[in-house]
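What the sequence shown shows, in the UniProt record's numbering, is residues 1 to 293, in sequence order. We treat Cβ as the ideally placed atom computed from N, Cα and C, and that holds for glycine. Since we're looking at a predicted model, the values are computed, not measured.
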Amino acid sequence: MALAKWNELDVPALLALEPGGGPGVWRNRFGDSNLNGRSYGGQLLGQAMAAALMEAPADRAPTMMQFLFMQGAMPQEPIDFTVTPLQDGKRFSSRHVRGAQQGRLLLDAQVTCAVPLEAPEHADPTTAPAGEHPHDLPEFAQLDAGLREGIERLGGYSADHKPSVEFRIPHAKRQLSAATATERFRFWMRVRGPLPQDSRLHAAAFAYISDWWLNFSSLSMHLRDIGERRLYISSLNHAMWLHLAPRVDEWLHVETVSPRAVAGRGLAMACFHDLHGRFVASATQECLMAYAG
1 MALAKWNELD VPALLALEPG GGPGVWRNRF GDSNLNGRSY GGQLLGQAMA
51 AALMEAPADR APTMMQFLFM QGAMPQEPID FTVTPLQDGK RFSSRHVRGA
101 QQGRLLLDAQ VTCAVPLEAP EHADPTTAPA GEHPHDLPEF AQLDAGLREG
151 IERLGGYSAD HKPSVEFRIP HAKRQLSAAT ATERFRFWMR VRGPLPQDSR
201 LHAAAFAYIS DWWLNFSSLS MHLRDIGERR LYISSLNHAM WLHLAPRVDE
251 WLHVETVSPR AVAGRGLAMA CFHDLHGRFV ASATQECLMA YAG
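Printed below as a string of structure tokens:
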């Protein structure tokens with residue numbers, strides 16, 4: 001049976017799962033489509049995280065997810081997330097998640113939760129300049145049309161196709177222009193609207209938005225070479241680490257860099273800091289990036 005249509009704004013509803021008819025099985029209620037008519041990768045990440053946390057000890061905070069995208073999902077069809085225990089030790093609990101849709105295996109993931117320990121600590125500082133605030137930056141749809149048209153050739157990046165995410169790009173002309181774009185790209189983002197005070201919901205919501213523009217740094221420095229050709233882009237694998245419990249309805253500064261792209265695959269790495277400069281999370285993603293046709 002087809003899923004009800006999501007309103008594209010209520011992230012807690014998107015991430016809320018219901019029992020799927022067997023032990024450790026959870027099913028989504030809504031899907032979130034991308035411009036290609038398939039499920040947005042963040043939907044799969046967020047719902048897989050939510051499923052794992054339904055089966056993990058409540059007193060252990062999520063710290064890590066490793067994720068393999070195997071096949072594209074159809075957003076109008078339900079996904080069954082099957083969760084099995086991998087580890088329950090003194091300090092760590094790990095869960096394995098598989099997502100399937102009508103018999104097709106879509107994803108394979110591992111999520112770890114941990115007990116916080118007293119230990120030495122260090123953190124890289126934020127690269128956001130002092131005094132920069134995302135409220136002062138234009139929305140993507142307000143940028144020069146020429147900039148946006150160039151970006152849309154990169155596999156369907158567009159202005160407003162994700163109403164659930166607020167998004168700002170500092171120095172957009174320099175970062176998005178073919179002549180000046182580099183393998184480094186930074187931006188601000190948050191989930192639109194306040195979320196309940198639920199750390200596990202925020203962890204799943206972080207997984208949801210961690211896919212947003214993460215692989216752009218793999219593509220941006222090639223804008224001048226691509227010209228009028230179009231690229232086909234698809235997420236291949238993803239990893240994320242939660243250093244602190246992030247608040248995803250507050251602005252996060254995202255600094256991304258791509259150290260390598262070769263043979264149709266690009267690697268991107270990201271650091272996430274909050275408005276107070278705290279280093280809250282890291283993520284990596286490998287994407288397929290090849291000329292279409």
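Asked                                                                                                                       : Found
Own chain residues within Cβ distance below 6 angstroms of MET269, not counting five before or after                        : VAL257 and THR284
ALA239, enclosing beta strand (DSSP E) - first and last residue                                                             : 231-242
DSSP-derived helix/strand/coil call for HIS135                                                                              : helix
Secondary structure of MET54, DSSP reduced to three states                                                                  : helix
Nonlocal neighbours in the same chain, by C-beta distance under 7 angstroms from VAL248, ignoring five residues either side : ARG190, VAL191, LEU195, HIS202, ALA205, PHE206 and ILE209
Whole runs of the beta strand (DSSP E) within the stretch 67-145, excluding any shorter than 3 residues                     : 80-88, 92-101 and 104-114
Local Cβ density within 10 Å of LYS173, reported as buried at 16 or more and exposed below that                             : exposed
Alpha carbon of TYR291 to alpha carbon of LEU219, nearest angstrom                                                          : 12 angstroms
Alpha carbon of LEU150 to alpha carbon of ALA178, nearest angstrom                                                          : Residue identity check: residue 150 is Gly in the sequence provided, not Leu. Cα-Cα distance, rounded: 8 angstroms.
Any 3 or more C-beta pairs closer than 8 angstroms across the stretch 110-130 and the stretch 48-66                         : yes
Between the CA atoms of LEU86 and GLU20 - distance to the nearest angstrom                                                  : The sequence given here has Gly at residue 20, not Glu. Whole-angstrom Cα-Cα distance: 20 angstroms.
Length of the line joining the Cα atoms of HIS171 and TRP26                                                                 : 42 angstroms
Cβ neighbours of TYR232 in the same chain (closer than 8 angstroms, five flanking residues each side left out)              : GLY155, LEU288, MET289, ALA290, TYR291 and ALA292
Range of the contiguous alpha helix (DSSP H) that encloses ARG224                                                           : 223-226
Which of helix, strand or coil DSSP assigns to MET1                                                                         : coil
Any 3 or more C-beta pairs closer than 8 angstroms across the stretch 73-84 and the stretch 93-105                          : yes
The stretch 270-279 touching the stretch 114-134, judged by at least three CB pairs closer than 8 angstroms                 : yes
Close-in-space but distant-in-sequence residues of the same chain around LEU17 (CB under 8 angstroms, 5 per side omitted)   : TRP26, ARG27, ASN28, ARG29, GLN47, ALA50, ALA51, MET54 and PHE81
Delimiting residues of the beta strand (DSSP E) encompassing GLN197                                                         : Note, GLN197: premise wrong, no beta strand (DSSP E); not H, not E.
Under the three-state DSSP convention, the category SER177 falls into                                                       : coil
Backbone secondary structure at SER164 - three-state DSSP                                                                   : coil
Whole-Å CB distance - HIS238 paired with LEU45, under 8 angstroms assumed                                                   : 6 angstroms
Beta-carbon spacing of LEU9, ASP32 below 7 angstroms                                                                        : no
Buried versus exposed, by CB contacts within 10 Å (16 or more), GLN43                                                       : buried
Rounded straight-line distance, which links the Cα of PHE272 to that of GLU166                                              : 15 angstroms
Cβ separation of GLY41 and SER217, assumed to be a contact under 8 angstroms, to the nearest whole Å                        : That belief does not hold up - the Cβ atoms of GLY41 and SER217 are roughly 16 angstroms apart, past 8 angstroms.
Neighbour-count burial assignment, ASP211, 16 or more Cβ in a 10 Å radius                                                   : buried
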